[in-house]
Amino acid sequence: YVALFPHDVDGYSMSALRKSSEGDYAGADADMQTALRQADNKAEAHAEYSRVMYQKLVYSDDSLYTAWTFDRALDESEKAYKIDPQPAYRHRIGQILFSKREYVKACDVFVELSKSAMPNSEVFFEIAQCKSQLGSPREEILAQLDSAVAHCRKPYSQADAPYILSRGQFRDAMNNYRGALADYNVYDTLMVGRASADFYYTRYKCEVNLRQFQPALNDIAHAAYIAGHDMQPVYLAEMASL
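Going by the working numbering, the sequence shown opens with residue 29, and the numbers climb by one from there.
This is the structure we're talking about:
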């Protein structure tokens, strides 16, 4: 692909992502350096270079390769945005700032995006995460989670499930058990019965707080059924106790 389309960023970035997944970070870096020289779309080349670095930094536990840092990834995203101010490039800047624990700056970026042409569920969810890290009032955090769910298109899809679950867990923590259970039930429907044992244990505790004991028994029994051997005795003890 690179031989046929030497000025297209995609070939270089896919090669770099493959090498990065195999631990060949130097090779991945070389691919993206070539992309910066060869690609017609310099903004996209900088953005993809940032994405390749960011994915390694967030998802890999490798600590030996130190050439890639969040600061370098941020610099590449900022270069991309300076050339072509696309919301997607700005969004990556916010995500990197969050990973750097610069929550105020990250929140400012996400709030800016929420008022632009990119008001989607992910952005409102990220604002909620920032506010949570900053110790904002719970009502402010819940308002952002409400916005995240409100921006999900109905009928909901599995892609919307994490936002609904997060709001349910937050409502649960605020002792709004009825609201939490409503979200848990929607989440369970979206997951088509493939939710984790931990989820069914969470919903079980919520149902116990609402004194809905039969549904609670059903959930803790299901949690015990699908749990690993380490947690199964714990769930069975909970079931026996109820």
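Ideal Cβ positions, reconstructed from N, Cα and C, are used throughout, including at glycine.
State yes or no: is the C-beta of VAL220 within less than 8 Å of the C-beta of ARG195?
no
Quick one: what does DSSP say GLU140 is sitting in, helix, strand or coil?
helix
At least three beta-carbon pairs within less than 8 Å, the stretch 92-109 to the stretch 118-125:
yes
Alpha-carbon spacing of HIS179 relative to SER127, whole angstroms
24 Å
Span of the alpha helix (DSSP H) around LYS110:
98-111
Out of GLU130, ILE169, GLN242, VAL151, which has the shortest C-alpha to C-alpha gap to VAL139?
VAL151
With a floor of 4 residues, list each alpha helix (DSSP H) that falls wholly inside the stretch 33-98, ordered by position along the chain.
37-49, 53-66, 70-87
Apply the 10 Å Cβ neighbour rule to LYS143 and answer buried if 16 or more other Cβ atoms are within range, or exposed otherwise.
exposed
Identify which residue in HIS74, ARG65, ALA44 has its Cα closest to the Cα of GLN114.
HIS74
Quick one: grab the DSSP three-state call for HIS119.
helix
In this structure, how does DSSP classify MET267 when only helix, strand and coil are distinguished?
helix
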